[in-house]
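Taking the numbering used here, the leading residue of the sequence shown gets 3, the next gets one more, and so forth. Shown next, in structure tokens, is the structure this report addresses.
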Amino acid sequence: MSAPWHVQRMAALDFESSDKDPETARIVSCALILVGGGLDTDTRTWLINPGIAQEPGAIAVHGLTDEHLAEHGQAAEQGVAEIAKAVAEVVAGGTPLVGHNLGGYDLNLLDRECRRHLGDSLEGVCREPLTRVIDTMILDKQACPFRRRVSETQGPYQMRTTAERYGLGWDEKAAHGAEYDALMSARAAYKMGAIAHRPHAERPVWVHQMRTQRFDSLAGVSVEDLHQMQARWAWDNAASFQEWLRTKAPEGKRDPDAVIDGHWPLRPVGGEA
């Protein structure tokens, strides 16, 4: 019998990019960190010149200016090819990919970049479907639903909030760099899995104080089963948010025609089913 999913080797993946929309964004930095499983940590990072002007808001987050990337970054086609190959090797080896909002953003960003520069989808490059993805945002929403915003600027399920909820702390100076964020997502996944696999009596006080007790849903499952469960949770979350936007959101946010795509970890492109 294999070890519980949270103590297995993981490949933490995170990108910094030129804007918030994975359909149009370009990769500017990436970290892929093999961690856990009783083995040494193996870190690979990339800095990429996207060849386009970034959104000012993106630069404000990650601090990588167009000028810096033009001088120090590698060509986008070369960088994307190297990242896709590295991810494909991880997938072929059966190591789960882990990240925060990994299926909501990062994998879709990489998929679009593969199509743009390599003429193939991410799964095409991997030569197999992605079936071992661990998204700590999906897991956190499942285990700890109904969390409120921390502040006007800090959302309920952003990486910092998740890290602080699970006792990991947060270094704002190091944050929003791909390497730091990738490693924090792997640590958060471990913390969630550790809580789920503890006897109820040994779980933290804050877990017992929640209105719902849903950590059990993360326990005693394989990575493949956890992947399928996350796909269902992501779909349900999207449907719930869509319904809220259409019927319950306050004036100014309500949109009767809102459509929230619930596909996870990859969304269809254009007319694809």
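All C-beta atoms, glycine included, are put in the ideal place defined by N, C-alpha and C.
So the alpha helix (DSSP H) residue i belongs to, where does it begin and stop?
i	result
Asp-2	This structure does not reach residue 2, given that the chain is present from 3 up to 275, and the question cannot be answered.
Phe-217	Here Phe-217 belongs to no alpha helix (DSSP H), and DSSP marks it neither H nor E.
Ala-240	225-245
Trp-208	207-210
So, helix, strand or coil for residue i, using DSSP?
i	result
Ala-275	Residue confidence for Ala-275 is low, a pLDDT of 46 falling below 50, so the modelled location carries little weight; the figure read from the coordinates is stated next. It is coil, neither helix nor strand.
Ser-31	strand
Ile-61	helix
Asp-44	strand
Glu-1	Since the first residue shown for the chain is 3 and the last is 275, residue 1 is missing from the structure and cannot be characterised.
Leu-49	strand
Gln-80	helix
Leu-268	coil
Ala-190	helix
Tell me whether the beta-carbon of residue i lies closer than 7 Å to the beta-carbon of residue j.
i	j	result
Gly-264	Ala-236	yes
Thr-47	Glu-154	no
Val-100	Met-12	yes
Gly-81	Ile-50	yes
Ala-190	Thr-138	yes
Tyr-107	Pro-24	yes
Leu-109	Leu-268	yes
Gln-56	Ser-4	no
Ile-262	Ala-233	no
Ile-140	Pro-98	no
Ala-184	Asp-16	yes
Leu-104	Ala-27	no
His-70	Glu-18	no
Glu-226	Thr-133	yes
Ala-145	Arg-213	no
Ser-187	Ala-14	yes
Tyr-159	His-8	no
Gln-10	Gly-39	yes
Asp-257	Leu-247	yes
Assuming residue i is part of the beta strand (DSSP E), what are its boundary residues?
i	result
Arg-307	Limits of the chain in this structure are 3 at one end and 275 at the other, which puts residue 307 out of reach.
Ser-19	12-19
Beta carbon of residue i: closer than 6 Å to some heavy atom of the ligand MN?
i	result
Ser-242	This structure simply doesn't include the ligand MN, nor any ligand for that matter.
With 7 Å as the threshold, decide whether the Cβ of residue i is near any Cβ in chain C.
i	result
Thr-26	No chain C appears in this structure, which consists of one protein chain only.
Exercise for the section: Give, in chain order, every unbroken run of the alpha helix (DSSP H) that is at least 4 residues long and sits entirely within the stretch 89-173. Expected result: 109-120, 124-128, 138-145 and 161-167
Practice task
Examine the Cβ distances between the stretch 215-232 and the stretch 153-170 and report whether three or more of them are shorter than 8 Å.
Solution key: no
Handout entry: Meets three-Cβ-pair contact criterion under 8 Å: the stretch 111-118 and the stretch 202-211
Key = no
Handout entry: Contact the stretch 24-34 vs the stretch 75-94: 3+ CB pairs below 8 Å
Key = yes
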